[in-house]
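S.K.:
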Amino acid sequence: MAKEKENVRVRYAPSPTGSPHVGNIRTALFNWLFARHHGGSFIVRIEDTDVARRVEGAVDTILEALRWLDMNWDEGPEVGGEHGPYFQSQRLELYQSAAKRLVEQGDAYYCYCTPERLEEMRAEQVKLKQPPGYDRRCRGLSATGSLLKFISGSRRVIRFMTPLEKQTSFTDLIRGEVTFENANIDDFVLLKSDGYPTYHLASVVDDHVMAISHVLRAEEWLSSTPRHLMLYRALGYKPPQFAHLPMLLGTDRSKLSKRHGAVSVTEYKAQGYLAEAMLNFLSLLGWSLDDKTEIMNRQKLIDNFSLKRVSQTAAIFNREKLDWMNGFYIRSLDIGDFTRRVIPFLERDLSTEIKRPLPDKYVSRITPLIHERVKTLADVTELTDFFFIDELDYKPELLIVKKMNPDLAVKVLETSRKRLGRLKEFDENSLEGALRPLTEELEMKTGQVFGTLRVAVTGRSVAPPLFQTMAVLGRERCLDRIKAALRKLKVAPEEPEGE
RNA sequence: GCCCCCAUCGUCUAGAGGCCCAGGACACCGGCCUUUCAAGCCGGCAACAUGGAUUCGAAUUCCAUUGGGGGCGCCA
0 MAKEKENVRV RYAPSPTGSP HVGNIRTALF NWLFARHHGG SFIVRIEDTD
50 VARRVEGAVD TILEALRWLD MNWDEGPEVG GEHGPYFQSQ RLELYQSAAK
100 RLVEQGDAYY CYCTPERLEE MRAEQVKLKQ PPGYDRRCRG LSATGSLLKF
150 ISGSRRVIRF MTPLEKQTSF TDLIRGEVTF ENANIDDFVL LKSDGYPTYH
200 LASVVDDHVM AISHVLRAEE WLSSTPRHLM LYRALGYKPP QFAHLPMLLG
250 TDRSKLSKRH GAVSVTEYKA QGYLAEAMLN FLSLLGWSLD DKTEIMNRQK
300 LIDNFSLKRV SQTAAIFNRE KLDWMNGFYI RSLDIGDFTR RVIPFLERDL
350 STEIKRPLPD KYVSRITPLI HERVKTLADV TELTDFFFID ELDYKPELLI
400 VKKMNPDLAV KVLETSRKRL GRLKEFDENS LEGALRPLTE ELEMKTGQVF
450 GTLRVAVTGR SVAPPLFQTM AVLGRERCLD RIKAALRKLK VAPEEPEGE
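Have a look at this one:
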C-alpha cells in the first residue's frame, strides 16, 4: 500500500484544439492535487494525433493556463523527463508497432472500408433503429484478400478485433464496479489511414510506457474504458487504476460549451478573476473537504485532497459563486498587491484618450476606495474612470437626487463651493469637517447634500465614499466639477411634468 | 435506438441506519450599520424525485419507475 503511494504518476493529456475549457482544467487540477497529495508525479502529455483539428498556438495557451494557476508539471513539454517525448505526434512508431503487433497476434485487422461506405452503413443503422457501430465487414478478410486490396492501393485502417462474448468489468475508484457487455462494443479503429493512432490506442500505449498509475479523467470516458481494458489485455500491459470524475455542466445541464458564455480559463483570467480564487472554486466542483470549509489555499487543498471525497454527480458551473469567491479573495489581498494587479486592467480598459502610463501614485490612492467593492479586477475601470477623465459627461437630471429640487441643488453646490475654496487642507477629515455641518445649516439630510455633491464631483450617483473621493481628486478638480454642475443646472430646461 | 453513469434546497455541497421534522456556502428576501454603492453583522425562504422492499428505525441498503447526463467517429 505505502509503496503504491510513492509511485503515483498521473497525467493531464489535453489535445491542442483551442484554449482549455474550465472542465478540462478542473480535470487537470484534480490530477495535480492527487499527485501533490501523494508526493507523486504530474505529467503533461500533448495528444496531438488529430492533424485536422490541430490549432496553432494551442499548446502555449494550455501551458499558460497551467502556469497561471501555478500547477507545475514534473514531466512534459518544456521540462522534458525520462519518458519523453511528450507530444504524441513524435511517438508515432510506438503506436504503429503496437498496432502491427496486434494484427500479427490476431487481435486486430486491416479494414479497407471507405468513409463513404461507413457513412452509408451508419445511415442505414439509424433508419433501422439499430445501434450504430462498425459492421465488421473486413473482420473476416483473409490475409491474401487483405494483401490484394492493399497492393491495389486501397487506404486502410487497423481495427481492434473486439471479443464477441463475455463482459468487461473494472473497479472505478469513484463509481465502484462497472460492467459492459463485450457484444455491445464494436471493432474500433486503432490506427487511422494517415498512420496516426486514435485516442484509444495512443493513450493506452503511452499510459503504459509512461508508467501512469492512475487515470483520472472526465466521466465522458467511462464508456470507452472497456475498450482500453481490452487493449491493455491484448498488449499484455497491466492497466492503471481508473477514476471517472463528474462532468461539469452548463446552467441548462448540458455539457459545458461555448454556448454557456465564458468557458476557457484564459477568458476568466482576462475578465479579472484571480488564479487563487479560480483554483479554490474549481476544487469545489465535485470535491469537498467537509460540511463547512470552502476557502482553502493551495496547500490546504493539497493536504486534504482525496478521491474518496470526489462526488459522483455532475456539477453545474455556478458563476455567481465564483464571483463571490473572487470578491472574497480580492478583499483579502493587501492593498499593495491589489493595486499591482489592478493596474494592467486599467491600462487595458481605460479610454485611450487618457495618458499612459497611468501615474502609480495616483492610482494607489484610488484603489483603496474600491478594494472591497469589486468582484473582479476588471470591475475597477468602470468604478474609477471618473478619476481619470477630464470632462464628466452626465445628464443634469442626475444632480437632482431624492427629495431635492433644482433650487436646492444649486444652493448646496454654491455653498459648498465657497466653503471648499476656503479650506486649508483638502483631506478627508477637513472635508468632512467642512461639509458635514452644511447639512444642518441648510436644514437638509445628509443624503441630499452629499448625494448632490457626489453627482457633481463624480458624475454618478453610485461612487466610493465622498470625502475620500474628493480628497483624491484634489481641490482644483472638485471645484471645477462643481462649477460645471452649476452650469448644467442653470442651462438645463425645467423638466416637463409627467415625462 | 442501444449501452453506461447519476439523483439532498434554484446552484455547489455535508450526510457512509438512529446524532437529520436534514447542516454549510452562493444566490434571493428582510433587518442592523450607513452620505450612495459595497463590505460586515443578524435573521429568513428553500431540498432527501416517485413507488415498493429490508429493518424496531432509512436521505443513508435493495429493486423498479421517472428524470438528468454521458457514450455509441479514420475527434479527443
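Under numbering that gives the first Met the number 0, think of the first position of the first sequence as 0, with each following residue one higher. Note that the Cβ used here is the ideal one computed from N, Cα and C, for glycine as well.
(1) Who are GLY566's beta bridge partners in DSSP?
(2) Write down the C-beta distance between ALA408 and THR451 rounded to the nearest angstrom, noting that I regard them as a contact closer than 8 Å.
(3) Excluding the 5 residues flanking LEU221 on each side, which residues of the same chain have their C-beta closer than 6 Å to its C-beta?
(4) Report buried or exposed for VAL471, applying the criterion of at least 16 other Cβ atoms within 10 angstroms of its Cβ.
(5) Please state whether DSSP places VAL102 in a helix, a strand or coil.
(6) Does the distance from the CB of LEU68 to the CB of PHE304 come in under 8 Å?
(7) Taking the alpha carbon of ILE369 as the reference point, which residue from ILE61, PRO343, LEU65 and ARG330 has its own alpha carbon closest?
(8) Can you tell me whether TYR94 is helix, strand or coil according to DSSP?
(9) Taking contact to mean 3 or more Cβ pairs, one atom from each stretch, closer than 8 Å, check whether the segment 422 to 435 and the segment 462 to 479 are in contact.
(10) Could you check if LEU163 is buried or exposed, using at least 16 other CB atoms within 10 Å of its CB as the buried criterion?
(11) What is the rounded straight-line gap between the Cα of LYS402 and the Cα of PHE449?
(12) Just to confirm, are VAL310 and LEU397 a CB contact at a threshold of 8 Å?
(13) For the putative contact between PRO19 and SER263, defined by C-beta atoms under 8 Å, what is the C-beta separation to the nearest angstrom?
(14) Which same chain residues, not among the five before or five after ILE481, have their C-beta less than 8 Å away from its C-beta?
(15) What does DSSP give as the partner residues of HIS248 in its beta bridges?
(16) Roughly how many whole angstroms lie between the Cα atoms of SER363 and ALA483?
(17) Which residues share a DSSP beta bridge with CYS110?
(18) Mapping DSSP to helix, strand and coil, what is ILE61?
(19) Would DSSP call ASP333 helix, strand or coil?
(20) Restricting to Cα atoms, I'd like to know which of LYS254, LYS291, ARG297 and ALA462 is closest to GLU218.
(21) Alpha carbon to alpha carbon, how far is LYS148 from THR178? Give it in angstroms, no decimals.
(22) DSSP on PRO13, reduced to helix/strand/coil?
(23) Does DSSP classify SER223 as helix, strand or coil?
(24) Hey, could you find the ends of the beta strand (DSSP E) ASP171 is sitting in?
(25) Are THR48 and ALA201 touching if we call contact CB-CB under 8 Å?
M.R.: Once the coordinates are examined:
(1) Here the chain has residues from 0 to 498 only, and residue 566 is not among them.
(2) A Cβ-Cβ distance of about 5 Å is found for the pair ALA408 and THR451, placing them in contact under the 8 Å criterion.
(3) HIS243
(4) buried
(5) helix
(6) no
(7) Of all alpha-carbon atoms in ILE61, PRO343, LEU65 and ARG330, the one lying nearest the alpha-carbon of ILE369 is that of ARG330.
(8) helix
(9) yes
(10) LEU163 counts as exposed, since fewer than 16 other beta carbons sit within 10 angstroms of its beta carbon.
(11) 12 Å
(12) Checking the sequence shown, residue 310 turns out to be Ser, not Val. For SER310 and LEU397, no; Cβs fall outside 8 Å.
(13) Yes, they are in contact, since the Cβ atoms of PRO19 and SER263 sit about 6 Å apart, within 8 Å.
(14) LEU412, SER415, ARG416, LEU419, LEU452, ALA455 and VAL456
(15) Here residue 248 turns out to be Leu, not His, going by the sequence shown. Looking at the DSSP assignment, LEU248 forms a beta bridge with LYS254 and ILE315.
(16) Rounded to the nearest angstrom, the gap between the Cα atoms of SER363 and ALA483 is 27 Å.
(17) VAL156
(18) helix
(19) coil
(20) Relative to GLU218, the option among LYS254, LYS291, ARG297 and ALA462 whose CA is nearest is LYS254.
(21) Put simply, the backbone Cα of THR178 is about 38 Å away from that of LYS148.
(22) coil
(23) Looking at SER223 - three-state DSSP - the assignment turns out to be helix.
(24) 166 to 171
(25) It is a contact, given that the beta carbons lie within the stated cut-off.
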